[in-house]
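Same order as they appear, the protein sequences are chains S and X.
With my numbering applied, the first sequence covers 93 to 208.
With my numbering applied, the second sequence covers 106 to 219.
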Amino acid sequence: ETGVTQSPTHLIKTRGQQVTLRCSSQSGHNTVSWYQQALGQGPQFIFQYYREEENGRGNFPPRFSGLQFPNYSSELNVNALELDDSALYLCASSPPPGQGVRDGYTFGSGTRLTVV
Amino acid sequence: GQSLEQPSEVTAVEGAIVQINCTYQTSGFYGLSWYQQHDGGAPTFLSYNALDGLEETGRFSSFLSRSDSYGYLLLQELQMKDSASYFCAVRDLNYGGSQGNLIFGKGTKLSVKP
Numbered sequence: 093e094t095g096v097t098q099s100p101t102h103l104i105k106t107r108g109q110q111v112t113l114r115c116s117s118q119s120g121h122n123t124v125s126w127y128q129q130a131l132g133q134g135p136q137f138i139f140q141y142y143r144e145e146e147n148g149r150g151n152f153p154p155r156f157s158g159l160q161f162p163n164y165s166s167e168l169n170v171n172a173l174e175l176d177d178s179a180l181y182l183c184a185s186s187p188p189p190g191q192g193v194r195d196g197y198t199f200g201s202g203t204r205l206t207v208v
Numbered sequence: 106g107q108s109l110e111q112p113s114e115v116t117a118v119e120g121a122i123v124q125i126n127c128t129y130q131t132s133g134f135y136g137l138s139w140y141q142q143h144d145g146g147a148p149t150f151l152s153y154n155a156l157d158g159l160e161e162t163g164r165f166s167s168f169l170s171r172s173d174s175y176g177y178l179l180l181q182e183l184q185m186k187d188s189a190s191y192f193c194a195v196r197d198l199n200y201g202g203s204q205g206n207l208i209f210g211k212g213t214k215l216s217v218k219p
């Protein structure tokens, strides 16, 4: 059983640029959630994708967008990068909504994004 | 709105018992979870409580009181490897999804001393 894999592991971008982060979900999971974790803070919910559609969103501006593909993998896109976007971006996969609630989310190791 | 409160730091010695409390405030509560995260690592799932009471998994137990909007994680027979950050997280219907989306607290950094 493969876990959640994220790429790249580290990334440095300049303010104003755009970035795409990628995530492959765990085998058997078709729901993907994205989180932003600043240093010393808890993960902040960005959005969740299920069946290639957004299935809930946190308090993030529209320049944070996402996609989910038929193989359940997902992308997080951030436009017009700001210095405050520097953080660890975590992807988590889970069974379909309504199933496996007691099993929790499986997180990837994240992408460390630095905006300079 | 929604908020979760937990202590920022806790220190304990090997072999001891430690309790990490979490209070939450949300109108869309659908269950309380706990996650462990070592420095530089991914959060890993520890437990989930949907109903009031105690859930036990090995050395870790988690408790929920929905009427008090309160839960705790109890770690017994502490080991050095338990040094990590511990996050409570609520499934919150206000953030979409048929069973809510997972919203995390700021975390409690547990240091286990010899």
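Glycine included, C-beta positions come from ideal geometry on N, C-alpha and C.
- Using beta-carbon distances, L179 of chain X does not count as an interface residue toward chain S, since no partner is under 8 Å.
- With a threshold of 8 Å between beta carbons, N169 of chain S makes no contact with chain X.
- Y197 of chain S sits in coil when the DSSP states are folded into three classes, being neither helix nor strand.
- Secondary structure note for Y141 of chain S: its beta strand (DSSP E) is the uninterrupted segment Q136 to Y142.
- With distances taken between CA atoms, D197 of chain X lies nearest to X:S138 out of X:K214, X:F168 and X:S138.
- One thing to note: S185 of chain S has its Cβ within 8 Å of the Cβ of H121 of chain S.
- Within chain S, no C-beta atom comes less than 8 Å from the C-beta of N126 of chain X; the nearest is roughly 15 Å away.
- Within the stretch 195-218 of chain X, the residues whose Cβ lies closer than 7 Å to some Cβ of chain S are Y200, G201, G202, S203, Q204, N206, L207, I208, F209, G210, K211 and G212, listed in chain order.
- A Cβ of chain S is located within less than 8 Å of the beta carbon of P148 of chain X.
- The alpha-carbon separation between Q109 of chain S and I138 of chain S amounts to approximately 19 Å.
- With 16 or more other Cβ atoms from the protein chains shown falling within 10 Å of its own Cβ, F199 of chain S counts as buried.
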